[in-house]
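Structure first, then comments.
Protein chains: 2
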Amino acid sequence: MNTRKEQRISALSDALSQHRVLHIKNAAQILGVSEMTVRRDVSANTERFGFLGGHIVPAAESETDNPYEISKAADSHAAAKRDVCAHAADYIHHDETIFFDCGTTLPYLVDLLPEDVHLTAVCYSLNVAERLARKPNVRLVMLGGLYHPASASFSGSSGLGTLDSLVINVAFLSAAGVDSRRGATCAHFHEAEIKRKAMSRAQKNVLLIDKSKIGKLKPAFFSDMQSFDAVLTEDGPTDISA
Amino acid sequence: MNTRKEQRISALSDALSQHRVLHIKNAAQILGVSEMTVRRDVSANTERFGFLGGHIVPAAESETDNPYEISKAADSHAAAKRDVCAHAADYIHHDETIFFDCGTTLPYLVDLLPEDVHLTAVCYSLNVAERLARKPNVRLVMLGGLYHPASASFSGSSGLGTLDSLVINVAFLSAAGVDSRRGATCAHFHEAEIKRKAMSRAQKNVLLIDKSKIGKLKPAFFSDMQSFDAVLTEDGPTDISA
DNA sequence: AGCGTTTTGATAGAAATATAACAAGAGTGT
DNA sequence: ACACTCTTGTTATATTTCTATCAAAACGCT
C-alpha cells in the first residue's frame, strides 16, 4: 500500500531534510496540493512534523510546551559561562593545538571562536565536536570510545592512547567542583581520566569555571589547583587559593 | 561596555539554547521587555537569530530564500535512500552490535530505528553519531580520529584499533560506487580502511545503496561483491553480479 | 455504473503576527 | 538642569495564519 497521502508525507520529509524549514505555501506548491491538505498532513503526523508560525519543521524543532519556566538560575549560569569563555580568547593563538574539555561551558567557547582562527582542536564530547566541525579553519581530532549521555562525552583507552601521540599547546578544562585545598573535581570518573591525561600532555592548562562551582566537591578528583596555569571565571583570571 | 541591549541579546541566546525555539511573547516575558523590543533585537541580529512565524529561532534555522528549486533528482535520491533503509530493518535484532558506515544513506537508517530496540552501535561519522546519541536504548561506540568534513567522518589508527576489540554482528555499509566485477568503492581512502576492517570483524555484511550507484567506480576500493551477505537497494535484496 | 466513504479544495470569519508611526522614557555630555 | 540622542512602549493598521464548514472530487466496493 502506497497511498497518495503516504507519498506526500514522504516527499515532505525529503523536502524538509533539505531546507530545514518549509513554508506551508512552498510545501503546497512542491506537493502540488492545497495548503489545507498540507496542514492536514502535518497535523496528522505530529511524530514527524511540527508547525511553527506558518512553517513546517521537523518534529523535534517544534516548540516545547513549557511556555516559560526557565529558572532564573540556569539562565544566569549560561550568561556567566559565556562571560567566562570571553576571557579565554587571550589564550588562543593561530596554528596551535587546543584541547577542549566536555561539559556545558566549553560549547560556548567554541561558539566564540573567530571564524578565521586556524587551529587543531582536540575534544571528546559530541556537543563540542559538532560545533568545532562547523568551523572551517579548525582541524578536528576527536577522541572516541563509549558514549556517556550525561556529559555527551566518550571514554575509553583508544582516546587516551590518541592523547599520548599529541602535543597540546593549551588545554581548556572545566570542573563541576573547585576547592582550594581539595582541587578540581568532576562527576564522572571516565572524564577525570581524560582530563588528567590531557593536562599531562598540555603546555598550558586553563580552567574555565563560573563562580558557582567554587567550594563544591564532586566524586572524581582530577587535579590540584597548582597545576593550572590560569583559572578563569566570569571576573577573569582568579586566584582560587585565596 | 555592557549595555542593556547586549544583555538581552545574551539572555536571548541562552534561552534559545535551552528551548530550541521561543515564541516572541515568551521571549518578551523572559527578558522583561515588550514584544516590540524583542522584535527589534532579533532583526538587529540576523547573524545570530531568525524569525519563523511568531517564533525566534537560531540563525541557521530560518528559512532559506530558495522558495522551490529542489532538484527532482536530489529529491528522489533521498526518498530512495529511505526506501533502501526500510529493507535493512530485517537485519537488526535486539541486543546485537551493529556497525554503521558513514555517508548520506546511513543517517536514514538510524532515523528508522525503533525507539525501543536495544543495541550497541558502532560508528565513525559525526552525522550518524548525533542521531544514534539521541536513541535512548542505544549504547554508542564512536571511532575517533581526524575529522574529514567531506564525509563527516573520522580516520586514524585509534579507531581501527577499537574495531579490533569489537565483535560486530551486522555491519551496514555504503558505497559511492558498485560494480559487479570491480566491487565496492568509495571516494576516500581513509573510509575504505575503516570499512575493510569493520567488514572483517562482522559476522554479516550488508551493503546499502540506491540503484544510482550501480556501475559507478570511485578511487578507493574496499570490497569485492562476494563478501557481502546482502546488497539492499530500494527494490530490496538485489544480486549485483546479475 | 451506482452507492457510500474518504479525501481534497475553497471560502469566510477569527485569531495571531508584522509593520509603521508616534509618544514617553533613559542616557549622555555640557 | 538642559538640550540632545537613543531606546523603548503603545497604539493602530495591514497582513498573514488558523479553524471550521461545506461542496466537489476521488476512491473503493458490489
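Residue numbers (this note's numbering), protein chains in the order written: chain D, 1 to 242; chain P, 243 to 484. All residues carry an ideal CB built from backbone N, CA and C; glycine is no exception.
Secondary structure at residue 188 of chain D, three-state DSSP: helix, strand or coil?
-> Looking up residue 188 of chain D in the first sequence gives position 188. In this structure, residue 188 of chain D counts as coil in the three-state DSSP scheme.
Taking only beta carbons into account, state which residues of the segment 341–372 of chain P come closer than 7 Å to chain D, listed in chain order.
-> Those residues of the segment 341–372 of chain P that come within reach of chain D (Cβ to Cβ, closer than 7 Å) are 368, 371 and 372.
Return the bridge partner residues of residue 446 of chain P from the DSSP annotation.
-> Mapped onto the second sequence, residue 446 of chain P falls at position 204. In the DSSP secondary-structure assignment, residue 446 of chain P is bridged to P:412.
Could you tell me the boundaries of the beta strand (DSSP E) in which residue 139 of chain D lies?
-> Looking up residue 139 of chain D in the first sequence gives position 139. It spans 138–142 - the beta strand (DSSP E) in which residue 139 of chain D sits, taken as one unbroken run.
Which of helix, strand or coil DSSP assigns to residue 153 of chain D | Counting from 1 along the first sequence, the entry for residue 153 of chain D is found at position 153. Of the three classes helix, strand and coil, the one that applies to residue 153 of chain D here is strand, per DSSP.
Label residue 457 of chain P either buried or exposed according to how many other C-beta atoms from any shown protein chain fall within 10 Å of its C-beta, with 16 as the threshold for buried.
-> Translated into the one-based positions of the second sequence, residue 457 of chain P becomes position 215. Per the 10 Å Cβ criterion, exposed.
Mind checking which residues open and close the beta strand (DSSP E) that includes residue 57 of chain D?
-> The count along the first sequence starts at 1 and reaches residue 57 of chain D at position 57. First-last of the beta strand (DSSP E) with residue 57 of chain D: 55–58.
So is residue 404 of chain P in contact with chain D if we call contact Cβ pairs under 7 Å?
-> In the second sequence, counting from the first residue as 1, residue 404 of chain P sits at position 162. Yes, residue 404 of chain P counts as interfacial toward chain D.
Would you identify the three-state DSSP class for residue 85 of chain D, choosing helix, strand or coil?
-> Position 85 of the first sequence holds residue 85 of chain D. Note: residue 85 of chain D maps to helix in three-state DSSP.
Between P:363, P:455, P:441 and P:371, which lies nearest to residue 480 of chain P when the distance is taken from Cα to Cα?
-> Within the second sequence, the letter at position 238 stands for residue 480 of chain P. When P:363, P:455, P:441 and P:371 are compared, the shortest CA-CA separation from residue 480 of chain P is found for P:455.
Between residue 56 of chain D and residue 27 of chain D, what straight-line distance do the alpha-carbon atoms span, to the nearest angstrom?
-> Working through the first sequence from its first residue, we reach residue 56 of chain D at position 56. Working through the first sequence from its first residue, we reach residue 27 of chain D at position 27. Taken atom to atom, the span from the alpha-carbon of residue 56 of chain D to that of residue 27 of chain D is near 8 Å.
List the residues of chain P whose Cβ lies closer than 9 Å to the Cβ of residue 201 of chain D, in chain order.
-> As a first step, residue 201 of chain D is located in the first sequence; it is residue number 201 there, counting from the start. In chain order: nothing, as chain P lies at least about 15 Å away.
Tell me residue 479 of chain P's beta-bridge partners as DSSP assigns them.
-> Counted from its first residue, the second sequence places residue 479 of chain P at position 237. P:474.
Count the other C-beta atoms from every protein chain shown that fall within 10 angstroms of the C-beta of residue 189 of chain D, then say buried if there are 16 or more, exposed otherwise.
-> For the purposes of this step, residue 189 of chain D is taken as the residue at position 189 of the first sequence. Within a 10 Å sphere around the beta-carbon of residue 189 of chain D sit fewer than 16 other beta-carbons, which makes this residue exposed.
Which residues in the same chain have their Cβ closer than 8 Å to the Cβ of residue 418 of chain P, if we skip the five residues on either side of it in sequence?
-> Along the second sequence, one-based indexing puts residue 418 of chain P at 176. So the qualifying residues of the chain are 345, 427, 428, 429, 455, 458 and 460.
Backbone CA spacing between residue 314 of chain P and residue 380 of chain P [nearest angstrom] = In the second sequence, counting from the first residue as 1, residue 314 of chain P sits at position 72. In the second sequence, counting from the first residue as 1, residue 380 of chain P sits at position 138. Residue placement at residue 314 of chain P cannot be trusted, given a pLDDT of 33 that sits under 50; what the coordinates show is reported in the next sentence. One C-alpha to the other measures close to 35 Å.
What separation, rounded to the nearest whole angstrom, lies between the Cα atoms of residue 244 of chain D and residue 334 of chain P?
-> A query on residue 244 of chain D cannot be resolved here, the shown segment of chain D reaching from 1 to 242 and no further.
Simplified DSSP assignment, three categories, for residue 214 of chain D = The count along the first sequence starts at 1 and reaches residue 214 of chain D at position 214. In the structure shown, residue 214 of chain D sits in a strand (DSSP, three-state: E or B).
Give the single residue among P:433, P:271, P:382 and P:407 whose Cα lies nearest to the Cα of residue 146 of chain D.
-> The residue you call residue 146 of chain D lines up with position 146 of the first sequence. The shortest C-alpha separation from residue 146 of chain D is found at P:382.
Keeping to the same chain, check which residues put their C-beta closer than 6 Å to that of residue 66 of chain D; ignore five residues upstream and five downstream.
-> Working through the first sequence from its first residue, we reach residue 66 of chain D at position 66. Because residue 66 of chain D sits at a pLDDT of 35, beneath the cut-off of 50, its placement in the model cannot be relied upon, and the point is left open.
Candidates P:252, P:286, P:465 and P:331, of which the one nearest residue 273 of chain P by Cα = Here residue 273 of chain P corresponds to residue number 31 of the second sequence, with the count starting at 1. Residue P:252 is the option with its Cα nearest to residue 273 of chain P.
Chain P contact residues for residue 8 of chain D, given Cβ-Cβ distances below 7 Å | Numbered from its first residue, the first sequence carries residue 8 of chain D at position 8. None at all; the shortest Cβ gap to chain P is about 12 Å.
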